[in-house]
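**Q** Please read through the structure below; I'll follow up with questions.
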Amino acid sequence: MTYSFELPLLVLLILTAGGAIVVKDLISAVIILGSYSFFLAIVWAWLGAVDVAFVEAVVGAGLATVFFLLTLFGAAPKDTLIRRTPPPIAAVIALPVLGLLLLYAADDLPAFGDLQAPASVHVSPYYLQNSLSDTQTPNVVTAVLMDYRALDTMMETAVIFTAGIACWLILRRRAS
Amino acid sequence: MIHTGHESIVVRRSAALLIPIMQLFGLYVLFFGQYGPGGGFVGGVMLGASLIAGILIFGPDGQPAAAAKKLLKTDGLGLLIFVGVGGLCLIGGGAFLNYSHMQLPGLDGPTRRYVGIILTQIGVAADIAVAAVSIVFSLYAASSDEVSNG
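Those protein sequence lines, which keep their order, are chains X and P.
Numbered per our numbering, the first sequence spans residues 3 to 178.
Numbered per our numbering, the second sequence spans residues 697 to 846.
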């Protein structure tokens, strides 16, 4: 059985994603969403993207859950319960069709680990061959993220800085 | 509920033991990013999470929260380190963020890029840790608004 590990993970992912939508209590939904992030982290690690798995586990399952819970603890108990209206008929028809279309299109994606895929013939061979002698950094992901693509990372840092400074402004307004 | 911290002595004592270990592990992850999974983003989130744990367990008026509040004044320092490293490369005569042009005497190009990666990782980690803490403080401020307005 080739899918002995992937198949239970896929079932767990779908169950937790659906459970987070179906459940009536927002706090339970947040906890289920955290476990969804954790299973997603296992999927990333299984596919070999250990750095992404690490970030998903720490940010998705850890920090985001804490932020959501803090927000909900600050709200009144009646606000954390959701009354759901049934979805419109158009969405019930359109979303499965969209899902089938995506499944149909997924057939054209390059196979996992394909050496001739567009992503692995452009710049990645250069990074894999030269990053150690260029930067003395054994982890290629770090070398690409912090050196070859440092400007992208700087802009991401600027985005996070903006989030921090916006919170600082809220605090300042309350203090005055 | 969240404005007093946690009363249980078990939680408080184990937090006092665990938070320094969390910070040590965050630093380890930050500097191990050169050799394995980890780096500035994850290390910064871990350092921020250790501060957040102190705020949550000892309350927003406790001693860890006071230390974290002082840390909020360094918001922007991380980005400044990152951009400053880029500026040093410009001064050295290279392109922005081309670390091999940083004028560090006694080091060759690859070692300069290695040092540049470490410095920018520290910048990213400092930026993220402070941003996470300031988000938590503003959530506290918003929820105390709710309480005082009824």
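Note that CB positions come from ideal geometry on N, CA and C, so glycine has one too.
In this text, all values refer to a predicted model and were calculated from it rather than measured experimentally.
Can you check which of these residues, Y128/X, T159/X, T164/X and W170/X, is closest to Y150/X by C-alpha distance?
**A** Walking along the first sequence from the start, residue 150/X turns up at place 148. It is Y128/X whose Cα lies nearest to the Cα of Y150/X.
**Q** State the beta-bridge partners of D27/X as determined by DSSP.
**A** Within the first sequence, the letter at position 25 stands for residue 27/X. Answer is L83/X.
**Q** Is it right to say S796/P is buried, meaning 16 or more other beta carbons lie within 10 angstroms of its own, or is it exposed?
**A** As a working note, residue 796/P is residue 100 in the second sequence. By the 10 Å Cβ count, S796/P comes out buried.
**Q** Taking Cβ-Cβ distances shorter than 7 Å, what residues in chain X pair up with V738/P?
**A** Taking the first residue of the second sequence as position 1, residue 738/P is located at position 42. The answer, in chain order, is F56, V57 and V60.
**Q** Against chain P, with Cβ distances strictly below 8 Å, would D53/X count as a contact?
**A** Your numbering for residue 53/X matches position 51 in the first sequence. D53/X counts as touching chain P.
**Q** Determine the direct distance from the alpha carbon of L42/X to that of Y721/P, and round the result to whole angstroms.
**A** Within the second sequence, residue 721/P is the residue found at index 25, counting from 1. Within the first sequence, residue 42/X is the residue found at index 40, counting from 1. It is worth fixing the name first, because residue 721/P is Phe in this sequence and not Tyr. Looking at the two C-alpha atoms, the distance is approximately 23 Å.
**Q** Could you confirm whether any beta carbon from chain X is found closer than 8 Å to the beta carbon of S834/P?
**A** Taking the second sequence and counting its residues from 1, one reaches residue 834/P at position 138. Yes - at least one Cβ of chain X is within 8 Å of the one on S834/P.
**Q** Just to make sure I have the definition right: I need the residues of chain P whose C-beta is within less than 8 Å of the C-beta of I33/X. Which are they?
**A** Along the first sequence, read from residue 1 onward, the residue named residue 33/X stands at position 31. Within chain P, no residue comes near I33/X; the closest Cβ sits about 16 Å away, beyond 8 Å.
**Q** Below 8 Å on the Cβ atoms is my guess for G735/P versus Q817/P; work out the distance and round it to an integer in Å.
**A** Here residue 735/P is taken as the residue at index 39 of the second sequence, counted from 1. Here residue 817/P is taken as the residue at index 121 of the second sequence, counted from 1. With 8 Å as the limit, G735/P and Q817/P qualify as a contact, their Cβ atoms being about 6 Å apart.
**Q** Would you list, in chain order, the members of the region 738 to 772 of chain P that have their beta-carbon closer than 7 Å to a beta-carbon of chain X?
**A** Cβ contacts with chain X come from V738, V741, M742, A745, I748, L768, D771 and G772.
**Q** Under a three-way DSSP split, which group does M798/P fall into?
**A** As a working note, residue 798/P is residue 102 in the second sequence. DSSP places M798/P in coil when its eight states are reduced to three.
**Q** Following the continuous alpha helix (DSSP H) through M718/P, name the residue where it begins and the one where it ends.
**A** For the purposes of this step, residue 718/P is identified with residue 22 of the second sequence, where counting begins at 1. M718/P -> alpha helix (DSSP H) spans I705 to F728.
**Q** Relative to the C-alpha of A66/X, which candidate in Y810/P, I787/P, M742/P and Y731/P has its C-alpha closest?
**A** Reading the first sequence from its first residue, position 64 is the one you call residue 66/X. Closest option to A66/X, Cα to Cα, is M742/P.
**Q** Short check: CB of T807/P to CB of Q118/X, under 8 Å?
**A** Indexing the second sequence from 1 puts residue 807/P at position 111. Indexing the first sequence from 1 puts residue 118/X at position 116. Cβ distance not < 8 Å, so T807/P and Q118/X don't count as in contact.
**Q** Closest Cβ-Cβ distance between F75/X and chain P: below 8 Å?
**A** Mapped onto the first sequence, residue 75/X falls at position 73. Yes, because at least one Cβ of chain P sits closer than 8 Å to the Cβ of F75/X.
**Q** In terms of residues, what are the limits of the alpha helix (DSSP H) holding G788/P?
**A** As a first step, residue 788/P must be located in the second sequence, where it is residue number 92. Taken as a continuous stretch (DSSP letters only), G788/P belongs to no alpha helix (DSSP H), as it is neither H nor E.
**Q** Quick one: which chain X residues come within Cβ less than 9 Å of S839/P?
**A** Your numbering for residue 839/P matches position 143 in the second sequence. The answer, in chain order, is L72, T73, F75, G76 and A77.
**Q** How many Å lie between G788/P and A822/P at the Cα?
**A** As a working mapping, residue 788/P is identified with position 92 in the second sequence. As a working mapping, residue 822/P is identified with position 126 in the second sequence. C-alpha separation (whole angstroms): 25 Å.
**Q** Could you give the C-beta distance for L793/P and V811/P, rounded to a whole number, given that I count them as a contact under 8 Å?
**A** Translated into positions along the second sequence, residue 793/P becomes position 97. Translated into positions along the second sequence, residue 811/P becomes position 115. The pair is not a contact, with the Cβ atoms about 13 Å apart (cut-off 8 Å).
**Q** Taking 8 Å as the cut-off, decide whether the C-beta atoms of C169/X and S830/P are in contact.
**A** As a position in the first sequence, residue 169/X is number 167, starting the count at 1. As a position in the second sequence, residue 830/P is number 134, starting the count at 1. The answer is yes: Cβ separation under 8 Å.
**Q** What in chain P is Cβ-close to V142/X, meaning under 8 Å?
**A** Reading the first sequence from its first residue, position 140 is the one you call residue 142/X. Within chain P, no residue comes near V142/X; the closest Cβ sits about 11 Å away, beyond 8 Å.
**Q** Could you have a look at F778/P and say whether DSSP puts it in helix, strand or coil?
**A** The residue you call residue 778/P lines up with position 82 of the second sequence. Helix, per DSSP.
**Q** Name the residue from P140/X, S37/X and V68/X whose alpha carbon lies nearest to the alpha carbon of I16/X.
**A** Within the first sequence, numbered from 1, the residue matching residue 16/X stands at position 14. Comparing Cα-Cα distances from I16/X to each of P140/X, S37/X and V68/X, the minimum goes to S37/X.
**Q** Kindly list the residues whose CB is nearer than 7 Å to the CB of G737/P, restricted to its own chain and excluding five residues on each side of it in sequence; keep chain order.
**A** Taking the first residue of the second sequence as 1, we reach residue 737/P at position 41. Residue identity check: residue 737/P is Phe in the sequence provided, not Gly. So the qualifying residues of the chain are V820 and I824.
**Q** Give the C-beta separation of I767/P and V826/P to the nearest angstrom, bearing in mind that I take them to be a contact with Cβ-Cβ under 8 Å.
**A** Walking along the second sequence from the start, residue 767/P turns up at place 71. Walking along the second sequence from the start, residue 826/P turns up at place 130. According to the sequence displayed, residue 767/P carries Leu and not Ile. Contact holds; Cβ gap of about 6 Å.
**Q** Leaving aside the five residues before and after L747/P along the sequence, list all residues of the same chain whose C-beta is less than 6 Å from its C-beta, in chain order.
**A** Residue 747/P sits at position 51 when you count from the first residue of the second sequence. So the qualifying residues of the chain are A764 and V829.
**Q** Between the region 816 to 831 of chain P and chain X, which residues of the former have CB atoms less than 9 Å from a CB of the latter, in chain order?
**A** The residues in question are T816, Q817, G819, V820, D823, I824, V826, A827, A828, V829, S830 and I831.
**Q** Going residue by residue through the region 57 to 114 of chain X, where are the continuous beta strand (DSSP E) segments of at least 3 residues, counting only ones entirely within it?
**A** Listed in chain order, nothing qualifies, since the region 57 to 114 of chain X has no complete beta strand (DSSP E) run of 3 or more residues.
**Q** With a threshold of 7 Å on Cβ separation, who are the neighbours of L134/X within its own chain once the five nearest residues in sequence on each side are excluded?
**A** In the first sequence, the residue the question calls residue 134/X occupies position 132. Correct list, in chain order: P140.
**Q** Helix, strand or coil: how does DSSP classify F7/X here?
**A** The sequence position of residue 7/X within the first sequence is 5, counting from 1. Note: F7/X maps to coil in three-state DSSP.
**Q** Could you tell me the alpha carbon to alpha carbon distance between A709/P and I29/X, rounded to whole angstroms?
**A** On the second sequence, position 13 is the one that residue 709/P refers to. On the first sequence, position 27 is the one that residue 29/X refers to. The amino acid occupying residue 709/P in the given sequence is Arg; Ala does not appear at that position. Rounded to the nearest angstrom, the two C-alpha atoms are 27 Å apart.
**Q** In this structure, how does DSSP classify P637/P when only helix, strand and coil are distinguished?
**A** Since the displayed chain P opens at 697 and closes at 846, residue 637/P lies outside it and no answer follows.
**Q** Within 10 angstroms of the Cβ of G739/P, are there 16 or more other Cβ atoms? Answer buried if so, exposed if not.
**A** As a working note, residue 739/P is residue 43 in the second sequence. With 16 or more Cβ atoms within 10 Å of its Cβ, G739/P is classed as buried.
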